[in-house]
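Numbering (our numbering), first residue to last: 47 to 298. Ideal Cβ placement from N, Cα and C applies to all residues, glycine included. Read the structure below first, then the notes.
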């Protein structure tokens, strides 16, 4: 099925495993309508969501990464303040200033968000990493990803996030109904991506996700899932239709 996409907004975050390069191919595999509600419990950069928001009545976005969800909610509710802080950070940017911002603690959602986006743009390859204790493991890069037009991008994303539910929670807590659509984009099997959260998404987690997929399927929920093309994953989902899409690991 081919779906016309009216919206061309891009995510405000540079995210490992981003689907920006293959989003049109993902859209081709969206289930046939009518479209009810949209769920994405491994939100990350949200590349697919920002392209298909207009196709769904309601959208429910979630992720276990608290800083990520805080950032989405701040962009949704306070884009002007987030942009003001980012402008300040960009103005004073240097290697020393980068580590000053990185090591500064705040419980203000707008400051958490500006810091999260700033580190995302100025860290090595834009990769989000944390140590087991939850502290940031990102390192400075002399380059800046998507520095230009970040304010307008945040404003566009804020508009698309209006009316959208955004929560920090485990994927198993979503409650889609029959006819709803769920897109699952977990940390990939054998990707080495072990710094997304404190707890790695290992094979036990992959199996737990597979079991949850069966629960959704039995309820009549429409599902699309992305993962690595490994024997382990293909065996987990051997009862489902599998298609192969080539992509880069990191969207730069």
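Contact under 9 Å by Cβ, residue i with residue j
i           : j           : result
residue 151 : residue 165 : no
residue 233 : residue 217 : no
residue 155 : residue 111 : no
residue 262 : residue 228 : yes
residue 104 : residue 266 : no
residue 86  : residue 107 : yes
residue 147 : residue 135 : yes
residue 77  : residue 223 : no
residue 109 : residue 214 : yes
residue 275 : residue 252 : no
For residue i, the first and last residue of its enclosing beta strand (DSSP E)
i           : result
residue 202 : No beta strand (DSSP E) holds residue 202; the alpha helix (DSSP H) holding it covers 196-207.
residue 86  : 83-86
Residue of the options minimising C-alpha distance to residue i
i           : options            : result
residue 74  : 133, 281, 270, 286 : 270
residue 83  : 140, 225, 230      : 225
residue 278 : 267, 268, 207, 236 : 236
residue 257 : 274, 284, 275, 276 : 284
residue 56  : 85, 99, 88         : 99
residue 138 : 116, 153, 168      : 168
residue 377 : 149, 68, 102, 259  : Outside the modelled stretch of the chain, which goes from 47 to 298, sits residue 377, for which no answer is possible.
residue 117 : 89, 140, 133, 69   : 89
residue 260 : 70, 68, 153, 230   : 230
residue 115 : 133, 212, 264      : 212
residue 67  : 97, 195, 79, 81    : 97
residue 195 : 133, 219, 220      : 133
Residue i: first and last residue of the uninterrupted alpha helix (DSSP H) it sits in
i          : result
residue 71 : 69-74
residue 96 : 93-98
On the three-pair Cβ rule with 8 Å, is the region 124-135 touching the region 154-165?
Touching, yes, given that three or more Cβ pairs across the two stretches are closer than 8 Å.
Count the C-beta pairs between the region 86-98 and the region 57-71 that are closer than 8 Å, then say yes if the count reaches three, no if not.
Proximity of the region 86-98 to the region 57-71 meets the contact definition, three or more beta-carbon pairs being nearer than 8 Å.
With a threshold of 8 Å, are at least 3 pairs of Cβ atoms found where one atom belongs to the region 201-214 and the other to the region 117-126?
The answer is yes - the region 117-126 touches the region 201-214, with three or more Cβ pairs under 8 Å.
Could I get the ranges of all uninterrupted alpha helix (DSSP H) runs contained in the region 101-183, with 4 residues as the minimum, in chain order?
Within the region 101-183, the alpha helix (DSSP H) runs of at least 4 residues that lie entirely inside it are, in chain order, 112-123, 125-137, 141-149, 155-168.
Report yes or no: do the region 285-293 and the region 245-255 share at least 3 C-beta pairs separated by less than 8 Å?
The region 285-293 vs the region 245-255: no contact.
Which runs of the beta strand (DSSP E), 3 residues or longer, sit entirely within the region 210-280?
Runs of the beta strand (DSSP E) inside the region 210-280: 211-214, 227-230, 268-271.
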